[in-house]
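Remarks on the structure that follows.
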Ligand code: NAD
Ligand code: TDX
């Protein structure tokens, strides 16, 4: 397997690369293309850089010529597209880069893949393309797309492009739609790492709206194992939902983190709600389980404890991030709410 992983310096891409080298050792070659936006961090790949069968290219997925050359130079047979702008709140304040990277970037990868007859193209999408659920029911692969944020609209658009390359050109594609991930190397603008690191700094924990929105959490290594299965055994043209039936209300997650860190609940502050805030996500993973034999390894209770410990043990990692351009972002996003 000669894989081109895009966005491999981000949260899920880097965890996927760790997972694949742990599992396949010398049997695979991985080329990671990442243009190192604010969310890309080569520190996430500690221990990987020295491998003979790993190559990093700093570059933009929108650069079709570059992708074309990488495919040729490294005899790439499979592309796994993680690269994206991924934070909903950022898409609400400035959507244009989301369209460029998530839509135009995917198009450029598809074009290069088509020209070079790539054997498999896996698009890493998200459950957010289905929109929001009420109190009951689950997202299945047949649920109509109804994205509500500029982020999810850009991801849904990319999904439709990927689908069209299967229908029109017969490209061997899969689309995966996973629920919320958590685990090591999660950028501290997202709920779980933000709450852990703010609690450790004795800072306010900003909870949007009434805190009763529900997310369905999956450990990132279980996401990686699902992608590995889909990449190898997924039927051409199929979509696979990924999730472990672990629904939690945001406020319960925040309280759990405070309890684990022995910090007071008085740190919680309810702040202005996110615009267009999806109420509930919940994945039905039946297809992935029955067709491809996937099962998650982690229970949330174990995964969240391990993750909290990871942030305690890797303070240098997150403190470096929180001291950079992050400060400006945090001020813009939360200042009005927290004062
Ligand atoms: P992330 O923001 O942590 O990482 C994104 C990576 O892509 C970064 O390393 C960034 O530098 C890189 N990148 C951005 N624009 C690029 C460009 N133009 N060219 C090359 N590289 C570029 O995101 P993540 O949380 O790791 O998410 C990865 C993928 O998984 C995304 O496609 C996201 O939509 C999807 N997803 C995320 C979650 C989640 O809970 N985080 C859940 C389901 C699906
Ligand atoms: O400060 C906060 N306070 C708060 O209450 C933040 C950052 C979030 N929240 C809420 C909003 C959501 O209901 O927590 C929930 C989770 O928020 P995020 O971590 O921003 O994740 P979400 O919006 O659910 O999207 C994530 O999962 C799907 C990823 O960021 C996406 O890339 C992925 O597609």
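Numbering (the working numbering), first residue to last: -16 to 322.
Quick reminder that beta carbons are idealized off the backbone N, C-alpha and C, glycines included.
Every value quoted in this text rests on a predicted model; they were computed, and no experiment measured them.
Next item on the list: Go to residue 230, then tell me how far its alpha helix (DSSP H) extends in each direction, as first and last residue.
Entry: Looking at the DSSP string, residue 230 is not in any alpha helix (DSSP H); the run it does join, the beta strand (DSSP E), is 230 to 232.
Next item on the list: Could you tell me which residues DSSP pairs with residue 188 in its beta bridges?
Entry: Beta-bridge partners of residue 188 (DSSP): 251.
Check: In the stretch 33 to 57, which residue ranges form an unbroken alpha helix (DSSP H) of at least 4 residues, counting only runs that do not cross its ends?
Finding: Counting whole runs of 4 or more residues, the stretch 33 to 57 contains the alpha helix (DSSP H) stretches 47 to 56.
Notebook entry, point to check: Looking at C-alpha atoms only, which residue of 166, 109, 15 is the closest neighbour of residue 32?
Noted result: Nearest C-alpha to residue 32: 15.
Checklist line | residue 284 in three-state terms, based on DSSP | finding: Looking at residue 284 - three-state DSSP - the assignment turns out to be helix.
Notebook entry, point to check: Is the number of C-beta pairs between the stretch 222 to 230 and the stretch 262 to 279 that are closer than 8 Å three or more?
Noted result: Cβ pair count under 8 Å is three or more, so yes.
Check: Who are the near neighbours of residue 71 in its chain, counting only those whose CB is closer than 6 Å to its CB and skipping five residues on each side?
Finding: Only 132, 134 meet the Cβ criterion.
Checklist line | Secondary structure of residue 11, DSSP reduced to three states | finding: Coil at residue 11, not helix or strand.
Check: With respect to 7 Å, is the separation between the Cβ of residue 312 and the closest non-hydrogen atom of the ligand TDX below this value?
Finding: False, no ligand heavy atom lies under 7 Å from that Cβ.
Next item on the list: Express the C-alpha separation of residue 89 and residue 253 in angstroms, rounding to a whole number.
Entry: Each residue's alpha carbon lies about 37 Å from the other.
Checklist line | Straight-line gap, residue 233 to residue 239 (C-alpha atoms, nearest Å) | finding: The C-alpha of residue 233 lies about 10 Å from the C-alpha of residue 239.
Check: Touching or not, the stretch 56 to 69 and the stretch 96 to 105, by the rule of three or more beta carbon pairs under 8 Å?
Finding: Because the criterion of three Cβ pairs below 8 Å is met, the stretch 56 to 69 and the stretch 96 to 105 touch.
Checklist line | the stretch 109 to 127 touching the stretch 167 to 184, judged by at least three CB pairs closer than 8 Å | finding: Not touching, per the Cβ criterion.
Check: Quick one, which of 201, 245, 149 has its alpha-carbon nearest residue 264's?
Finding: Comparing Cα positions, the closest option is 201.
Margin query: Do residue 93 and residue 21 have their beta-carbon atoms positioned less than 8 Å apart in this structure?
Written below: The answer is no: Cβ separation not under 8 Å.
Next item on the list: Go ahead and pull the three-state DSSP assignment for residue 181.
Entry: The three-state reading of DSSP puts residue 181 in helix, counting H, G and I together.
Notebook entry, point to check: CB-CB under 7 Å to residue 26, same chain, minus the five flanking residues each way: which ones, in chain order?
Noted result: Excluding sequence neighbours, residue 26 sits near 300.
Check: Shortest alpha-carbon distance to residue 287 belongs to which of 309, 35, 203?
Finding: Here the closest residue by C-alpha is 203.
Margin query: Could you compute how far the alpha carbon of residue 241 sits from the alpha carbon of residue 141?
Written below: Their backbone Cα atoms lie some 38 Å apart in a straight line.
Next item on the list: Pair every Cβ in the stretch 192 to 199 with every Cβ in the stretch 256 to 271, then say whether three or more of these pairs are closer than 8 Å.
Entry: Judged by pairs of C-beta atoms under 8 Å, the stretch 192 to 199 touches the stretch 256 to 271, as three or more such pairs exist.
Next item on the list: Drop a sphere of 10 angstroms on the beta-carbon of residue 127, count the other beta-carbons inside from all chains shown, and report buried for 16 or more, exposed for fewer.
Entry: Residue 127 is exposed by the Cβ-count criterion.
Item checked: Endpoints, the beta strand (DSSP E) within which residue 157 is located -> Boundaries of the beta strand (DSSP E) harbouring residue 157: 156 to 161, taken from the DSSP string.
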